[in-house]
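Be aware that the sequence shown starts at 40, since it is given in this note's numbering, and climbs by one per residue.
Virtual Cβ for every residue (Gly too), placed ideally from N, Cα, C.
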Amino acid sequence: MITFPDAVNYIANRASLGDLDLFEEAARQRQATFNQERMKALAVGDEVRLGSLKPAYLNDLQGTIRSLNTSGRSPQATVNLDAASTWLLRRQSKFMDRIPDGAETYPVTVPLACVFSV
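Now the structure itself:
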């Protein structure tokens, strides 16, 4: 049986460019499968962290999933940010007028692929 260290050694030392292309495609497909499984496991009420977003100021904000829209090609989640994340977002100039002083939560809608369980 081939072990994972054996496979890594082969890739690092003996694989051809064609082998590496095949490996890259297999790794992309496996990562896509993991991402699909992760997104399917998310549910309304889950505590989550936002990541891999542009604009980057939304990354690492946290909250609770308020709703999921999984229809169509681009599934989305609306996340109610927690008080700390709402405060941080309000400090961004474009949100100062949108988020009232003292707001405890603020909803943001983002691609589901950018929502991670905490």
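What's the gap between the Cα of residue i and the Cα of residue j?
i: R158; j: Q70; result: Nothing about residue 158 can be reported from this structure: the residues present for the chain run from 40 to 157 only.
i: E64; j: Q75; result: 17 Å
i: L61; j: D99; result: 34 Å
i: A142; j: L59; result: 51 Å
i: A54; j: T72; result: 25 Å
i: F43; j: Q68; result: 18 Å
i: F221; j: T125; result: The question about residue 221 has no answer, for the chain in this structure spans 40 to 157.
i: K93; j: D85; result: 22 Å
i: Y49; j: M40; result: 14 Å
i: L56; j: A66; result: 15 Å
What whole-angstrom Cβ distance do residue i and residue j have, given they're in contact under 8 Å?
i: L151; j: L81; result: 7 Å
i: I138; j: L127; result: Actually they do not touch by this definition, with Cβ atoms about 10 Å apart.
i: S110; j: C153; result: That pair is no contact at about 18 Å.
With the cut-off set at 8 Å, would you say residue i and residue j are in Cβ contact?
i: L89; j: V149; result: yes
i: N108; j: Q101; result: no
Inset, instruction - For the region 61-136, list the alpha helix (DSSP H) runs that are entirely contained and at least 4 residues long, ordered along the chain. - result: With a minimum length of 4 residues, the continuous alpha helix (DSSP H) runs that stay inside the region 61-136 are 122-129.
Inset, instruction - Spell out a yes or no on whether the region 107-119 and the region 130-150 are touching, meaning 3 or more CB-CB pairs, one atom from each, closer than 8 Å. - result: Between the region 107-119 and the region 130-150 there are three or more inter-stretch CB-CB distances shorter than 8 Å, so the stretches are counted as touching.
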